[in-house]
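What follows is a single structure, written as structure tokens, with notes after it.
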């Protein structure tokens, strides 16, 4: 048995996978430890951007002299690496999590274990070690129904495979009984959950909301076409007191020609319809969205369409990405926008959003209500979340506490409260 550290790059689904691998290794008798004390490092990789892939290679180099197992999206999306960059390293793909013990055991014996075979994988109701004891991350499905022209994650995660509704509900129920107070539902696209099983995300949410106990559900990223498909039912479900009023709906671009090039299956108008409907029904809703700037052939006018959309809709959270080429995607063959141009566009969008988020936050000054403490911050602060999933900083509280507070200060970055 060995001292093992599991390092995670990427999304909440990757975090969930890491918790599962840690749980399986602990069950087999390995000791989970800090990075500096580990004999073996498991690196759970992300392929969404070139920079994320570069972090993997940097991490491998950093741990020369230690034993390493690579998991996650990079080897799955780039199988050629098993004969080049990763040829002397043990590797398991995203569908081979249950083989982590075999990979670790073989690596400890100085063998190389590699398997990225695609197969249907059980991810629910398995041993796990939660990074945060009050948050349960529940994967809903593997893959998605889209084929976006720039996406490398599709190469790793594949086509939609939804997990059984009863298994998801059982995992959430167990987590609540274990003391978890936030249930994060995650996948590449939560909106397509169940469409391969004659059910839907709405039906799943209804069942989860019937569970007993104190908990809040945070629904992960949902593409606009599915939000529009289930719009009225979704809004009704979101009004339930156990739902965080938080909607992550990535628009990616504010121009329909660019959306078509991206192979996004919705229009700017569809996105605006969903956002307007949610804001009308639930004024306190937190809208989170994503934009990609400098997509191939994007003109200055088309960038300004995205800029104007953000300015008009004023999202509470905005994830800004410059376009990065990913190998073997359709976007590689399109006419590229110069990196300096996309950099300038990104800087301009950041300046706009800084003003938007500061104004949005000021509206919360003097708000009073209940928050759930779900994480530790810096400088003695803990992080609480209200119904709108706003990040609220407060001192002298414990993880998992539920308390009433008043927001006494707002900044561009956060809200600060006192009891």
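Residue numbers (the working numbering): 227 to 645. Glycine included, every Cβ here is placed at the ideal spot set by N, Cα and C. In this text, all values refer to a predicted model and were calculated from it rather than measured experimentally.
I'd like the span of the beta strand (DSSP E) that includes residue i, first residue to last.
{"i": "residue 474", "result": "472 to 474"}
{"i": "residue 350", "result": "It is not in any beta strand (DSSP E) - residue 350 carries neither H nor E in the DSSP assignment."}
{"i": "residue 231", "result": "229 to 234"}
{"i": "residue 318", "result": "316 to 318"}
{"i": "residue 595", "result": "594 to 602"}
{"i": "residue 538", "result": "Run containing residue 538: none in the beta strand (DSSP E); it sits in the alpha helix (DSSP H), 526 to 539."}
{"i": "residue 342", "result": "Element bounds for residue 342: n/a, residue is neither H nor E."}
{"i": "residue 270", "result": "266 to 271"}
{"i": "residue 548", "result": "543 to 548"}
Are the CB atoms of residue i and residue j nearer to each other than 8 Å?
{"i": "residue 208", "j": "residue 519", "result": "Residue 208 lies beyond the range of the chain shown here (227 to 645); nothing can be said about it."}
{"i": "residue 360", "j": "residue 266", "result": "no"}
{"i": "residue 401", "j": "residue 461", "result": "no"}
{"i": "residue 227", "j": "residue 255", "result": "yes"}
{"i": "residue 449", "j": "residue 387", "result": "no"}
{"i": "residue 720", "j": "residue 510", "result": "Only positions 227 to 645 of the chain appear in this structure, which leaves residue 720 out of reach."}
{"i": "residue 572", "j": "residue 412", "result": "no"}
{"i": "residue 501", "j": "residue 513", "result": "yes"}
{"i": "residue 410", "j": "residue 368", "result": "no"}
{"i": "residue 427", "j": "residue 419", "result": "yes"}
{"i": "residue 247", "j": "residue 268", "result": "yes"}
{"i": "residue 229", "j": "residue 261", "result": "no"}
{"i": "residue 286", "j": "residue 294", "result": "yes"}
{"i": "residue 504", "j": "residue 544", "result": "no"}
{"i": "residue 423", "j": "residue 384", "result": "no"}
{"i": "residue 539", "j": "residue 476", "result": "no"}
Provide the residue(s) that pair with residue i in DSSP beta bridges, ordered along the chain.
{"i": "residue 621", "result": "607"}
{"i": "residue 254", "result": "Answer by DSSP bridge pairing: none, since residue 254 is not bridged."}
{"i": "residue 469", "result": "443"}
{"i": "residue 362", "result": "409"}
{"i": "residue 636", "result": "641"}
{"i": "residue 478", "result": "517"}
{"i": "residue 612", "result": "Answer is none; residue 612 lacks a bridge partner."}
{"i": "residue 370", "result": "385"}
{"i": "residue 629", "result": "597"}
Could you tell me the boundaries of the alpha helix (DSSP H) in which residue i lies?
{"i": "residue 432", "result": "427 to 435"}
{"i": "residue 578", "result": "565 to 588"}
{"i": "residue 329", "result": "326 to 334"}
{"i": "residue 282", "result": "276 to 288"}
{"i": "residue 383", "result": "379 to 383"}
{"i": "residue 498", "result": "494 to 507"}
{"i": "residue 301", "result": "299 to 303"}
{"i": "residue 484", "result": "482 to 488"}
{"i": "residue 451", "result": "450 to 455"}
{"i": "residue 398", "result": "391 to 403"}
Classify residue i: buried if its beta carbon has 16 or more other beta carbons within 10 angstroms, exposed otherwise.
{"i": "residue 404", "result": "exposed"}
{"i": "residue 234", "result": "buried"}
{"i": "residue 290", "result": "exposed"}
{"i": "residue 241", "result": "buried"}
{"i": "residue 622", "result": "exposed"}
{"i": "residue 306", "result": "exposed"}
{"i": "residue 309", "result": "exposed"}
{"i": "residue 628", "result": "exposed"}
{"i": "residue 245", "result": "buried"}
{"i": "residue 613", "result": "buried"}
{"i": "residue 319", "result": "buried"}
{"i": "residue 558", "result": "exposed"}
{"i": "residue 480", "result": "buried"}
{"i": "residue 565", "result": "exposed"}
{"i": "residue 314", "result": "exposed"}
{"i": "residue 277", "result": "exposed"}
{"i": "residue 657", "result": "For residue 657 there is no data in the structure shown, the boundaries of the chain being 227 and 645."}
{"i": "residue 243", "result": "buried"}
Determine the closest residue to residue i out of the options, with distance taken between C-alpha atoms.
{"i": "residue 531", "options": "422, 427, 482 and 420", "result": "482"}
{"i": "residue 642", "options": "592, 625 and 392", "result": "592"}
{"i": "residue 552", "options": "546, 560 and 545", "result": "560"}
{"i": "residue 375", "options": "328, 554, 306 and 349", "result": "554"}
{"i": "residue 271", "options": "259, 262, 260 and 312", "result": "312"}
{"i": "residue 356", "options": "632, 600 and 295", "result": "600"}
{"i": "residue 274", "options": "258, 302 and 540", "result": "302"}
{"i": "residue 649", "options": "640, 319, 258 and 262", "result": "Here the chain covers residues 227 to 645 and nothing more, so residue 649 does not appear."}
{"i": "residue 535", "options": "334, 422 and 497", "result": "497"}
{"i": "residue 336", "options": "292, 504 and 632", "result": "292"}
{"i": "residue 443", "options": "394, 489 and 453", "result": "394"}
{"i": "residue 567", "options": "522, 468 and 469", "result": "522"}
{"i": "residue 438", "options": "417, 458, 454 and 468", "result": "468"}
{"i": "residue 459", "options": "338, 431, 380 and 366", "result": "431"}
{"i": "residue 597", "options": "445, 644, 569 and 258", "result": "644"}
{"i": "residue 576", "options": "588, 397, 602 and 541", "result": "541"}
{"i": "residue 417", "options": "348, 406, 533 and 366", "result": "366"}
{"i": "residue 603", "options": "345, 620, 382 and 527", "result": "620"}
Given the structure, does residue i come close to the ligand NAD, in the sense that its CB is under 7 Å from one of the ligand's heavy atoms?
{"i": "residue 238", "result": "The ligand NAD is absent from the structure shown, which contains no ligands of any kind."}
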